[in-house]
Amino acid sequence: MRFSTLLIPLLSLTLLFQGCSEESENEAMVSTANFTLMDTQGKSYSVEKKGTNFTLDAGDDKVVLFDIFATWCPPCQAEVMHLGNLQKKYGDDLIIMGVTIEEDKSNAELEAFREKFKGGDYLIANKADNQALARSIASTIGVGQQFPIPLMVLYHNGEYVTHYAGATQEEIIDRDIALALGK
């Protein structure tokens with residue numbers, strides 16, 4: 330008797346808070362956003378955030394490395410050559426998308442930056458959405474809004490793999506890319 334006295338109010342509360350929604354609890358908690366990036370060659374890319382995942386539209390079945398950087402940052406300058414090496418090694422299996430947090434850099438300045446530090450052929454985005462994407466990624470991985478740069482975040486098929494804050498050895502990133510690709 331006492332059990333049923335407690336059960337009925339409990340069920341009523343559950344129904345009250347659940348309401349008539351067909352949306353599951355997990356779906357309701359998933360935040361979404363879309364970002365548009367433009368590389369220095371004028372090609373547009375779309376990034377979709379769904380929950381903790383960030384999917385680059387050109388990144389199906391690939392590893393995507395978002396490199397959040399600034400041209401004035403010495404560790405950012407030092408990583409450019411390593412990112413170029415990794416892009417060359419993994420080719421079409423890897424997309425490195427440099428995301429500058431600077432608003433006042435021209436495409437020519439960013440291309441000269443990559444060339445000066447022997448960066449090879451990876452993408453650099455230069456658009457207003459860069460900062461919003463950088464903040465969203467940083468918030469999602471838990472490093473806060475005052476995050477250190479360079480901040481590199483690795484995704485495979487849009488799902489978070491790992492991240493690196495500050496200068497990171499090429500061999501460590503290489504190993505994580507290979508693991509994500511199953512190599």
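Numbering-wise (the numbering used here), the sequence shown opens with residue 330 and increments by one. All C-beta atoms, glycine included, are put in the ideal place defined by N, C-alpha and C. All figures in this text were calculated on a predicted structure; none of them were measured in a lab.
Scan the region 425-496 and note each continuous alpha helix (DSSP H) run of 4 residues or more that stays entirely inside, going in chain order. Entirely contained in the region 425-496, the alpha helix (DSSP H) runs reaching 4 residues are, in chain order, 436-445 and 458-470.
Taking the alpha-carbon positions, what's the GLY448 to VAL392 distance? CA-to-CA, the gap between GLY448 and VAL392 works out to about 18 angstroms.
Is the beta carbon of VAL490 sitting closer than 7 angstroms to the one on LEU480? Contact: no.
Spatial neighbours of GLU500 in its chain, beta-carbon cut-off 8 angstroms, leaving aside the 5 residues before and after: Contacts found: none.
Short of 7 angstroms in beta carbon distance, which residues of its chain neighbour LEU510, apart from the five on each side in sequence? Order them along the chain. Contacts found: VAL392 and ASP422.
Compare the C-alpha of TYR493 against each of ASN414, SER375 and ILE397 and name the closest. With distances taken between CA atoms, TYR493 lies nearest to ILE397 out of ASN414, SER375 and ILE397.
Please name the residue, chosen from LYS378, ASN459 and ARG443, that lies closest to GLY413 on a Cα-to-Cα basis. Comparing Cα positions, the closest option is ARG443.
Segment limits, alpha helix (DSSP H) that includes ASP599: Because the chain in this structure spans residues 330 to 512, residue 599 falls outside the shown range and cannot be described.
For LEU394 and ALA454, I'd like the C-alpha separation in whole angstroms. The straight-line gap from Cα to Cα measures roughly 13 angstroms.
For ALA387, the three-state DSSP class (helix, strand or coil): DSSP places ALA387 in coil when its eight states are reduced to three.
Here's a check: name, in chain order, each residue in its chain whose Cβ is nearer than 8 angstroms to the Cβ of ILE430, leaving out the five neighbours to either side. Closer than 8 angstroms at Cβ, skipping near neighbours: ILE397, PHE398, ALA399, ASN459, GLN460, ALA463 and ILE478.
Residues near ILE502 by beta carbon distance below 8 angstroms, same chain, minus five either side: The beta carbon of ILE502 sits closer than 8 angstroms to the beta carbons of LEU394, HIS411, LEU415, MET481, LEU483 and TYR493 from its chain, once the five residues preceding and following it are set aside; these are given in chain order.
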